[in-house]
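K.L.:
Here the working numbering is used: the first residue of the first sequence is 2, the next is one more, and so on.
Structure provided below as structure tokens; questions to follow.
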Amino acid sequence: MPKRYWLFKNEPDCFSIEDLEKAPNQSTEWEGVRNYQARNMLRDDVQKGDEVFYYYSNAKPAGIVAVCTVVKSGYPDPTALDPNSQYFDPKATREDPRWYMVDVKLKQKFPDIIPLATLKATPGLEKMMVTQKGSRLSIQPVTPDEWKTIIELAKRM
DNA sequence: GCCAACGTTGGC
DNA sequence: GCCAACGTTGGC
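Written out as structure tokens, the structure is:
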């Protein structure tokens, strides 16, 4: 299967890129996704070896801060079964886990955030999901062309 | 803090 | 299965 590209959203208050840098092996479990469309991609489409833009939402500014690599493809999210977790879902069971996650590892932190406004102003990214109004999906596919365009942007920073 | 856009819930 | 009400997301 060819390598695919993704954009994962996260709030810096929740788990920042500095947290990821300090994490063991600079990797983390991408737990807590509770949206079916995003779940389906985590379960079925995101594969080990795929690359991911780490995107800050609810940040000033919002934007892409790093590149990560998927180090473990979709498996059941145990926080759904944990009553003490903020991500607990009473409808999830061991037999029918409902929610899935992947593991990612930091590959490259950008010297500075690439703000959403820059993405919106960059030719070639007009149709990118994250630049569309009302784009709320927290796991988004990125096309190879969009990926390349953003990597080039980062090189010129 | 505002509010538009979107997803989910639940009554019917 | 429809759809109004509600809750959440996320840019600004």
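Backbone N, C-alpha and C define an ideal beta-carbon position, used for all residues, glycine too.
Could you check which residue in Thr-132, Trp-148, Ile-151 has the C-alpha nearest to that of Ser-58?
P.N.:
Among Thr-132, Trp-148, Ile-151, the Cα nearest to that of Ser-58 is on Thr-132.
K.L.:
Starting from Ala-118, follow the alpha helix (DSSP H) in both directions and report where the run begins and ends.
P.N.:
Unbroken alpha helix (DSSP H) run through Ala-118: 117-122.
K.L.:
For Trp-7, write down the residues that DSSP places opposite it in a beta bridge.
P.N.:
Partner(s): Val-53, Pro-142.
K.L.:
Contact check, Thr-29 vs Asp-104 under 8 Å by CB: the rounded distance?
P.N.:
Yes, Thr-29 and Asp-104 are in contact; Cβ-Cβ is about 7 Å, under 8 Å.
K.L.:
At what residues does the beta strand (DSSP E) containing Glu-30 begin and finish?
P.N.:
Residues 28-30.
K.L.:
Is it the case that the stretch 4-21 contacts the stretch 49-57, given that we only count it when at least three CB pairs across the two stretches are under 8 Å?
P.N.:
The stretch 49-57 vs the stretch 4-21: in contact.
K.L.:
Quick check on the DSSP output: the beta strand (DSSP E) that includes Tyr-76 runs from which residue to which?
P.N.:
Counting along the chain, the beta strand (DSSP E) containing Tyr-76 begins and ends at 64-77.
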